[in-house]
Amino acid sequence: MDTIKPLNKWANKHTYLPLDLLRIALGVFLFIKGINFVSDSMMLAELFKPMQNMVGGMFALHYVAPAHFIGGILIACGLLTRWAILAQLPILIGAILINFVGEMHTGNLLIACITLLVCGFFLVYGSGKHSLDYYFKMQQ
Numbered sequence: 138m139d140t141i142k143p144l145n146k147w148a149n150k151h152t153y154l155p156l157d158l159l160r161i162a163l164g165v166f167l168f169i170k171g172i173n174f175v176s177d178s179m180m181l182a183e184l185f186k187p188m189q190n191m192v193g194g195m196f197a198l199h200y201v202a203p204a205h206f207i208g209g210i211l212i213a214c215g216l217l218t219r220w221a222i223l224a225q226l227p228i229l230i231g232a233i234l235i236n237f238v239g240e241m242h243t244g245n246l247l248i249a250c251i252t253l254l255v256c257g258f259f260l261v262y263g264s265g266k267h268s269l270d271y272y273f274k275m276q277q
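Following this note's numbering, the numbering of the sequence shown begins with 138 at its first residue and continues without gaps.
If you want it as structure tokens, here you go:
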């Protein structure tokens, strides 16, 4: 908690609308990916084919779509942004690793790497001034 307060103060002093728009775009992107995974579960199962014999493979299969779906909404609204991003990190690291374990798709690898970098930025930066976190904090 002692680390988060100074980060929030710094982020609120240095907040810019383009960064908030990037956070919203990240949330919408993750939400759409969650919808894609729910609507095409066979594609998600095909992605997890290289890791089907590993422990927790079925858990991971059922974790990805809801985490993207709910996390995308939370990130886009700026509510519990750091927690939602922490839930996305194992998925994104797994998306990068799947490209090396299974068949290499450079487009998917690039998207996963960019999304991981943006999530890492917002994990440190926070949700910014134009978010529900900031709004609720100011209401206290």
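Quick reminder that beta carbons are idealized off the backbone N, C-alpha and C, glycines included. Fair warning: this is a prediction, and the values are worked out from it, not measured in the lab.
Check: Limits of the alpha helix (DSSP H) - the one that S176 falls within; Outcome: L154 to S176
Check: Proximity of I222 and G231 at Cβ, strictly below 9 Å; Outcome: no
Check: Distance, G257 Cα to L211 Cα; Outcome: 16 Å
Check: Sequence-distant residues of its chain with Cβ nearer than 8 Å to T218 (five each side left out); Outcome: R160, L211, I212, F259, G263, S264, S268 and D270
Check: 7 Å Cβ shell around L184 - same chain, five flanking residues per side excluded; Outcome: I235
Check: Beta-carbon spacing of P171, A204 below 9 Å; Outcome: Per the sequence shown, the amino acid found at residue 171 is Gly instead of Pro. Yes, these two residues count as a Cβ contact at 9 Å.
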